[in-house]
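Trainee:
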Amino acid sequence: MEATTFVLFGATGDLAKRKIYPALYNLFIDQKLPQSFSVFGLGRREVSDEAFRASVEHSLRTFSRREVSDQEQLNSFLSGFRYSVLDVGHKEDYKKLLGMIEQREKELDLAPNRMFYLSVGPEFFETIATNIKESGLGATSGWKRLMIEKPFGHDLQSARDLNEHLSKTFEENEVFRIDHYLGKPMVQKLEVLQQSNPVLQALWSNRYIANVQITANETVGVEERAGYYDKVGAVRDMFQNHMLQLLMMLAIHLPKNSTSKDVRFKKKMVMESLEPLEKEHVQSHVVRGQYDAGSIQGKPVVGYTSEPSIPQSSMNDTFIAARLQIDDVFWRDVPFYIRTGKRLKEKSTRIVIEFKEPLKQQTKVNDDTRVPNLLVFEISPNEGISLQLNTRDPQHKGEFKPIQIDFHSIRSDVPEAYENLIHDALHGDPTFFAHWDEVELSWKWVQPILNAFQENAVPLHHYSAGSYGPAESDALLARDGYHWWFDS
Ligand code: BG6
1 MEATTFVLFG
11 ATGDLAKRKI
21 YPALYNLFID
31 QKLPQSFSVF
41 GLGRREVSDE
51 AFRASVEHSL
61 RTFSRREVSD
71 QEQLNSFLSG
81 FRYSVLDVGH
91 KEDYKKLLGM
101 IEQREKELDL
111 APNRMFYLSV
121 GPEFFETIAT
131 NIKESGLGAT
141 SGWKRLMIEK
151 PFGHDLQSAR
161 DLNEHLSKTF
171 EENEVFRIDH
181 YLGKPMVQKL
191 EVLQQSNPVL
201 QALWSNRYIA
211 NVQITANETV
221 GVEERAGYYD
231 KVGAVRDMFQ
241 NHMLQLLMML
251 AIHLPKNSTS
261 KDVRFKKKMV
271 MESLEPLEKE
281 HVQSHVVRGQ
291 YDAGSIQGKP
301 VVGYTSEPSI
311 PQSSMNDTFI
321 AARLQIDDVF
331 WRDVPFYIRT
341 GKRLKEKSTR
351 IVIEFKEPLK
361 QQTKVNDDTR
371 VPNLLVFEIS
381 PNEGISLQLN
391 TRDPQHKGEF
401 KPIQIDFHSI
411 RSDVPEAYEN
421 LIHDALHGDP
431 TFFAHWDEVE
441 LSWKWVQPIL
451 NAFQENAVPL
461 HHYSAGSYGP
471 AESDALLARD
481 GYHWWFDS
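For the sequence shown, the UniProt record's numbering gives the first residue as 1, with consecutive numbering after it.
1. What do you get for Thr259, buried or exposed, if any count of 16 or more other CB atoms within 10 angstroms of its CB means buried?
2. CA-CA distance, Pro311 and Ala51?
3. Glu218: beta carbon under 8 angstroms from a heavy atom of ligand 1?
4. Can you tell me the Cβ-Cβ gap for Ser38 and Leu98, rounded? I've got them flagged as a contact below 8 angstroms.
5. How big is the Cα-Cα spacing for Asn456 and Asp368?
6. Mind checking whether Asp9 and Leu108 have CB atoms under 9 angstroms apart?
7. Which first and last residues belong to the beta strand (DSSP E) in which Asn217 is found?
8. Could you round the C-beta distance between Ile214 and Phe336 to whole angstroms and report it? I think they count as a contact, below 8 angstroms.
9. Does Glu72 come out as helix, strand or coil in the three-state DSSP assignment?
10. Taking three-plus beta-carbon pairs below 8 angstroms as touching, is the segment 268-283 in contact with the segment 206-225?
11. Helix, strand or coil, according to DSSP, for Met147 in the structure here?
12. Are the segment 431-449 and the segment 147-162 touching, with three or more C-beta to C-beta distances below 8 angstroms?
13. So, does the segment 137-155 touch the segment 41-50, judging by three or more C-beta pairs under 8 angstroms?
14. DSSP beta-bridge partners for His408?
15. How would you call Arg145, buried or exposed, if buried means at least 16 neighbouring beta carbons within 10 angstroms?
16. So, under 8 angstroms CB-CB, Ser306 and Ala465 are touching, yes? Tell me the CB distance rounded to an integer number of Å.
17. Can the beta-carbon of Val88 be found closer than 9 angstroms to that of Val120?
18. Closer than 8 angstroms: is that where the CB of Thr5 sits relative to any heavy atom of ligand 3?
19. Check whether the Cβ of Ala434 lies closer than 8 angstroms to any heavy atom of ligand 1, and answer yes or no.
20. Run through the DSSP bridge pairs and tell me what Leu8 is partnered with.
21. Keeping to the same chain, check which residues put their C-beta closer than 6 angstroms to that of Tyr117; ignore five residues upstream and five downstream.
22. Alpha carbon to alpha carbon, what distance is there between Thr140 and Trp485?
23. Leu254 by DSSP, collapsed to three states: which one?
24. Three-state secondary structure (DSSP) at His461?
25. Is DSSP giving Asn390 helix, strand or coil here?
26. DSSP has Thr431 in a bridge; who is on the other side?
27. To the nearest angstrom, how far is it from the Cα of Ile225 to the Cα of Ala111?
28. Can Thr318 and Gly227 be called in contact, C-beta distance under 9 angstroms?
29. Can you tell me whether Ile290 is helix, strand or coil according to DSSP?
30. Following a CB-centred definition, is Ala159 positioned closer than 8 angstroms to any heavy atom of ligand 1?
31. Taking contact to mean at least 3 C-beta pairs separated by less than 8 angstroms, is the segment 331-349 in contact with the segment 375-383?
32. Classify Lys91: buried if its beta carbon has 16 or more other beta carbons within 10 angstroms, exposed otherwise.
33. Quick check: what's the CA-CA separation for Val175 versus Leu182?
34. What residue ranges within the segment 149-214 form continuous beta strand (DSSP E) runs of no fewer than 3 residues, ordered along the chain?
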């Protein structure tokens, strides 16, 4: 792999400690980093190189999926780390950084390939991009790339503005918009599973599928992110990005040996085929919820508006469920139900595909005991695939007996999302990053919901912490004769 300088904005932040350093370390152990790899951590605080390396080591010992046991290996990993103070608005700091990077590139005879990773608040994105350009950091004879965390905009217009701004410094093929759900190993497998298994390929349409249910339930509340979360809600925090990305990854039909271009083209087609939601129809297709006090795994927890720094009067959504339709030849008339929320009964991200019931036939077996075939992709925290089939009950021969065919991965063997994403970006592979077209179409689809929420044009349904969300979310499916699977 080509030599690279990894320039990390927000090097003392939470994400860097929890995800980015452990990901880099595990890639290093797996020999998936370039031979010549140099990291410049940037932050506002004055920190020595030694103290920086010590804090990286601490984060590895706390958060790495693999234990840090080989000191020599660790030292060799850390030797590539440098720190530089940078105030994002200070042009001089960028100049100084450029000098340090060039010197290091010279010392190590590194090709001047630069990966800029923005692990900072969105309010800094534009300033940093401008300064990368104006300081000359971006004018390199090697490649330059930008990895950027969400949120990519606050609504359609702000996302467009941000994109236009970034495009003054980076071409679209240099921008790697992170949606960490696309880095989850099971999500990365969806494409291959469908493509390389004729058995699935044959079933992947409205001919056999009755409905699709995409769930991302969390047990955590707002934690220390009140200031951010109360402005965005579940719709911006999870739905516009992660949930719609899951929908795209599931619904695409890919040609054999497809390239990243094919994947992106097909994802865009899915988004373009999503039936748009008018503001006046938001109420019948979308459920907005907010948690009240309750208990999670036996522990009492407060309601959303009693959380620290959340205003008593907040109407913010901590839960959203929606019914979507893709109007194309494959998916016409198959409802896609999506739900996500905080303070729910269990942490679980999964996709359930419910197959149609064949016409009731004259069988010797009691039809009422038959269950629909279900194909389930468990995405996290556990990774697995299961298939529910009907067999005959040997005890009661007049009845069906459902059986599950199950596959589960062993967790410590599975790379973390950030390992996959950083690895791909270093290789310049954009397949599992959000293209601007997808981001724009997602905001476009979500915009009427944002408007309806803001104008309080839809009710805010309350649910107890530790439940599966408001009853209206069940009603959304019940209207079509379905229910959420695996709520117990
Ligand atoms: C983040 C959201 O993008 O995803 C968080 O900002 C959320 O609010 C998190 O908790 C969930 O990610 P995961 O990987 O734990 O499902």
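Don't be surprised by glycine CBs; every beta carbon is placed ideally from N, CA and C.
All values reported here derive from a predicted model rather than from experimental measurement.
Mentor: Let me spell this out:
1. Counting from one through the sequence shown, the residue named residue 259 turns up at place 259. Its Cβ having fewer than 16 others within 10 Å, Thr259 is exposed.
2. On the sequence shown, residue 311 is found 311 positions in, with the first residue counted as 1. On the sequence shown, residue 51 is found 51 positions in, with the first residue counted as 1. Straight-line Cα distance between these residues: approximately 39 angstroms.
3. For the purposes of this step, residue 218 is taken as residue 218 along the sequence shown, with counting starting at 1. Within the cutoff, so yes.
4. Taking the sequence shown and counting its residues from 1, the one referred to as residue 38 is at position 38. Taking the sequence shown and counting its residues from 1, the one referred to as residue 98 is at position 98. Not confirmed; about 14 angstroms, so no contact.
5. Position 456 of the sequence shown, counted from the start, is the residue given in the question as residue 456. Position 368 of the sequence shown, counted from the start, is the residue given in the question as residue 368. Each residue's Cα considered, the two are about 43 angstroms apart.
6. On the sequence shown, residue 9 is found 9 positions in, with the first residue counted as 1. On the sequence shown, residue 108 is found 108 positions in, with the first residue counted as 1. A small fix is needed here, since residue 9 is Phe in this sequence, not Asp. No; because the gap between Cβ atoms is not below 9 angstroms, this pair is not in contact.
7. Numbered from 1 along the sequence shown, position 217 holds the residue referred to as residue 217. Residues 209-217.
8. Within the sequence shown, the letter at position 214 stands for residue 214. Within the sequence shown, the letter at position 336 stands for residue 336. Contact flag correct, Cβ pair sits at about 7 angstroms.
9. Here residue 72 is taken as the residue at index 72 of the sequence shown, counted from 1. Here Glu72 sits in helix by DSSP.
10. no
11. Translated into positions along the sequence shown, residue 147 becomes position 147. DSSP places Met147 in strand when its eight states are reduced to three.
12. yes
13. no
14. Taking the first residue of the sequence shown as position 1, residue 408 is located at position 408. Paired residues: Gly384.
15. Taking the first residue of the sequence shown as 1, we reach residue 145 at position 145. Arg145 is buried by the Cβ-count criterion.
16. As a working mapping, residue 306 is identified with position 306 in the sequence shown. As a working mapping, residue 465 is identified with position 465 in the sequence shown. Contact flag wrong, Cβ pair sits at about 11 angstroms.
17. Here residue 88 refers to the residue found at position 88 of the sequence shown. Here residue 120 refers to the residue found at position 120 of the sequence shown. Cβ distance < 9 angstroms, so Val88 and Val120 count as in contact.
18. Among the ligands in the structure shown, ligand 3 does not appear; only ligand 1 can be found there.
19. Numbered from 1 along the sequence shown, position 434 holds the residue referred to as residue 434. For ligand 1, not one heavy atom lies less than 8 angstroms from the Cβ of Ala434.
20. Along the sequence shown, read from residue 1 onward, the residue named residue 8 stands at position 8. Leu8 pairs with Gly41, Tyr117.
21. Within the sequence shown, residue 117 is the residue found at index 117, counting from 1. Excluding residues within five positions, the ones whose Cβ falls inside 6 angstroms are Leu8, Met147.
22. By one-based count along the sequence shown, residue 485 stands at place 485. By one-based count along the sequence shown, residue 140 stands at place 140. Going from the Cα of Trp485 to the Cα of Thr140 covers about 53 angstroms.
23. For the purposes of this step, residue 254 is identified with residue 254 of the sequence shown, where counting begins at 1. Three-state result, Leu254: coil.
24. The sequence position of residue 461 within the sequence shown is 461, counting from 1. Reduced to three states, the DSSP call for His461 is strand.
25. On the sequence shown, position 390 is the one that residue 390 refers to. Strand, per DSSP.
26. For the purposes of this step, residue 431 is identified with residue 431 of the sequence shown, where counting begins at 1. DSSP output for Thr431 lists no bridge partner at all.
27. Position 225 of the sequence shown, counting from 1, holds the residue named residue 225. Position 111 of the sequence shown, counting from 1, holds the residue named residue 111. Note on identity: in this sequence residue 225 is Arg, with Ile being the wrong assignment. If you take the alpha carbons of Arg225 and Ala111, they lie about 40 angstroms apart.
28. Taking the sequence shown and counting its residues from 1, the one referred to as residue 318 is at position 318. Taking the sequence shown and counting its residues from 1, the one referred to as residue 227 is at position 227. Not a contact, by the Cβ cut-off of 9 angstroms.
29. Counting from 1 along the sequence shown, the entry for residue 290 is found at position 290. Note that residue 290 is Gln in the sequence shown, not Ile. If DSSP states are grouped into helix, strand and coil, Gln290 belongs with the strands.
30. Here residue 159 refers to the residue found at position 159 of the sequence shown. Ala159 Cβ: outside cutoff for every heavy atom of ligand 1.
31. yes
32. By one-based count along the sequence shown, residue 91 stands at place 91. So Lys91 ends up on the exposed side.
33. Locating residue 175 in the sequence shown gives position 175, where the first residue counts as 1. Locating residue 182 in the sequence shown gives position 182, where the first residue counts as 1. If you take the alpha carbons of Val175 and Leu182, they lie about 15 angstroms apart.
34. 175-177
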